[in-house]
Amino acid sequence: MLVMERVTGESIPAGVERSTLENAIASGFPLLKFPQQLEAAFEQEVAVQRCRQLAFGGLFGILLYDLFLIPDWLVSPQMFVTSLWVRLGVVTPIALLMIASLYLNPPVAIREFLVAAGGVVLGAGSILYLMLVGEGGPGDAQHQSLILIILFITMVQRVRFWWAMAACLACFAMHAVGLSLLPASTFEFQVSANTVFGCAVVLTLFASYVLERETRMNYLLSLRGRLQRQDLDAKSRRDALTGLRNRLSLDEAIEDCDRADGVDKELAVILLDIDHFKSFNDTAGHQAGDVCLKRVAGIVQSELRDYSDDVFRFGGEEFVVLLHGVDLPRAIRISERIRKAVEDASIPHPALDLGEVVTVSMGVASVVLSRDIRVGQVIAAADAALYSAKRNGRNQVAPRMQFVEFVGMAERGLFAH
Numbered sequence: 000m001l002v003m004e005r006v007t008g009e010s011i012p013a014g015v016e017r018s019t020l021e022n023a024i025a026s027g028f029p030l031l032k033f034p035q036q037l038e039a040a041f042e043q044e045v046a047v048q049r050c051r052q053l054a055f056g057g058l059f060g061i062l063l064y065d066l067f068l069i070p071d072w073l074v075s076p077q078m079f080v081t082s083l084w085v086r087l088g089v090v091t092p093i094a095l096l097m098i099a100s101l102y103l104n105p106p107v108a109i110r111e112f113l114v115a116a117g118g119v120v121l122g123a124g125s126i127l128y129l130m131l132v133g134e135g136g137p138g139d140a141q142h143q144s145l146i147l148i149i150l151f152i153t154m155v156q157r158v159r160f161w162w163a164m165a166a167c168l169a170c171f172a173m174h175a176v177g178l179s180l181l182p183a184s185t186f187e188f189q190v191s192a193n194t195v196f197g198c199a200v201v202l203t204l205f206a207s208y209v210l211e212r213e214t215r216m217n218y219l220l221s222l223r224g225r226l227q228r229q230d231l232d233a234k235s236r237r238d239a240l241t242g243l244r245n246r247l248s249l250d251e252a253i254e255d256c257d258r259a260d261g262v263d264k265e266l267a268v269i270l271l272d273i274d275h276f277k278s279f280n281d282t283a284g285h286q287a288g289d290v291c292l293k294r295v296a297g298i299v300q301s302e303l304r305d306y307s308d309d310v311f312r313f314g315g316e317e318f319v320v321l322l323h324g325v326d327l328p329r330a331i332r333i334s335e336r337i338r339k340a341v342e343d344a345s346i347p348h349p350a351l352d353l354g355e356v357v358t359v360s361m362g363v364a365s366v367v368l369s370r371d372i373r374v375g376q377v378i379a380a381a382d383a384a385l386y387s388a389k390r391n392g393r394n395q396v397a398p399r400m401q402f403v404e405f406v407g408m409a410e411r412g413l414f415a416h
């Protein structure tokens with residue numbers, strides 16, 4: 000169907016149901032997991048930006064990590080060569096490879112695993128190694144920098160909560176094991192240091208949970224807003240009385256047809272006017288007139304193909320039908336079918352003689368679209384045919400224009416027989 004709902008330039012993920020969205024918002028998703036359709040939509044929309052964000056954060060983290068060569072030199076100059084080899088020769092190249100892999104937009108599980116595992120294995124693991132191979136003394140303070148690793152994972156990279164929890168617990172275990180292996184580390188010192196580190200883990204995980212929940216809630220609220228704007232946008236392109244597409248939607252359909260890349264596409268236009276509608280309104284009142292308009296609109300809609308035809312309320316008692324890929328003889332047959340369906344509906348006409356019913360007059364035009372022929376010209380041809388039908392007695396389809404007008408239109412590729 001050429002005419003589509005326009006939704007303010009915003010896309011709505013496929014398969015997202017409003018009820019599922021509202022239920023997710025109401026539930027608060029305490030486990031930080033959406034229903035399957037919403038989760039897939041969420042990851043699909045944030046995946047590319049998320050990978051770029053993680054890559055940038057990773058580069059920033061590597062820079063800070065390598066800057067610790069300065070305190071390594073100042074605190075343990077005898078270990079500087081080892082520290083240089085570990086930081087620049089092992090950790091940095093591997094980390095850069097992991098960051099490069101993020102630009103391949105891996106699945107969410109691989110993406111979050113790379114960041115969490117990179118922080119634990121490369122960051123915390125290398126710090127633990129340097130701490131254990133050192134000679135004690137001031138170098139034992141290396142364990143404090145493990146707190147920076149969990150801050151980097153949870154606050155900078157904002158690894159998904161469950162991955163962050165696994166990473167933080169791994170860092171806590173490495174911290175506890177590392178301290179226990181240090182000869183100069185007393186039991187009291189281990190308890191104190193592990194308590195501080197454990198509290199840091201709890202606080203950062205709490206912050207990680209809150210941040211991810213807020214991120215997810217903001218996404219759901221944004222999606223709800225898009226759906227609401229989609230509804231409003233759709234309503235703005237619908238006639239409130241008949242439910243048909245309105246003049247704005249018709250203008251957009253014409254614009255779409257006129258700027259379509261392809262040429263040689265057939266288009267038929269039907270203009271339909273309810274006969275003696277003004278007298279109907281004057282006699283029965285506007286409420287009865289509105290009921291008549293809705294019934295006629297429903298009849299016209301029911302006679303069209305749902306997938307490729309469109310009907311618009313043109314104004315007042317006039318309607319426009321666009322038939323895509325339909326030649327003139329077929330358009331005439333469709334018009335006659337609509338005319339007969341309206342007549343067979345036997346809607347009483349209060350302004351006419353007893354037993355008279357509501358009827359319609361219709362004008363038809365067809366064209367093979369090209370760069371030299373615009374849809375407006377086809378509508379004008381159909382409008383001329385409509386007035387011909389009215390002049391000839393109404394309640395009929397006018398597939399033929401005046402001979403002189405027909406010749407003029409034929410020279411430009413327009414046909415209305």
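Position 25 of the sequence shown, counted from 1, bears residue number 24 in numbering that gives the first Met the number 0, the numbering being contiguous throughout. The beta carbon of each residue, even a glycine, is placed where N, CA and C say it ideally should be. All values derive from a computational prediction rather than experimental measurement.
For PHE41, same chain residues with a beta-carbon under 8 angstroms away, outside a window of 5 residues either side, are PHE33, ARG215 and TYR218 in chain order.
With a cutoff of 7 angstroms on beta-carbon distance, PRO328 and ALA283 are scored as not near each other. Under the DSSP assignment, MET361 falls in the beta strand (DSSP E) whose first and last residues are 359-368. As the crow flies, the alpha-carbon of ARG237 is around 36 angstroms from that of PHE28.
Non-local C-beta neighbours of ASN104 in its own chain, meaning closer than 7 angstroms and more than five positions away in sequence, comprise ALA46, VAL47 and CYS50, ordered along the chain. Under the three-state reduction of DSSP, PHE59 is assigned to helix. In this structure, ALA340 sits near ILE298, with a CB-CB distance shorter than 7 angstroms. Runs of the alpha helix (DSSP H) spanning 4 or more residues and lying entirely within the stretch 66-139 occur at 68-74, 79-83, 91-101, 107-116 and 124-132, in chain order.
ALA380 sits away from LEU322, with the two beta carbons spaced by 7 angstroms or more. Of GLN395, PHE188 and ILE269, the smallest CA-CA separation from VAL366 is found for ILE269. Spanning the alpha carbons of ALA108 and VAL319 requires a straight line of approximately 53 angstroms. When the alpha-carbon of ASP308 is set against those of GLU265, LEU30, VAL295 and GLY314, the nearest one is in GLU265.
If you look at ILE24, you'll find it isn't in any beta strand (DSSP E); it sits in the alpha helix (DSSP H) that goes 17-26.
Taking the Cα of VAL200 as reference, the smallest distance to any Cα among ARG332, GLN52 and ILE152 is reached at ILE152. Taking a contact to require three or more Cβ pairs closer than 8 angstroms, the stretch 50-65 and the stretch 144-159 qualify as touching. About 13 angstroms separates the CB atoms of LEU129 and LEU180; that is not less than 8 angstroms, and the two are not in contact. Residue range 327-343 is occupied by the alpha helix (DSSP H) that includes GLU335, with no beta strand (DSSP E) assigned at that position.
Rounded to whole angstroms, GLN300 and LEU58 show a C-alpha spacing of 59 angstroms. The beta carbon of PHE171 sits closer than 7 angstroms to those of PHE196, GLY197 and VAL200, all from its chain and outside the five residues before and after it, given in chain order. When the beta-carbon positions are compared, SER387 and MET361 stay at least 7 angstroms from each other. If you draw a straight line from the Cα of LEU145 to the Cα of LEU168, it is about 12 angstroms long.
Residue state for VAL195 is assigned as helix, using DSSP reduced to three classes.
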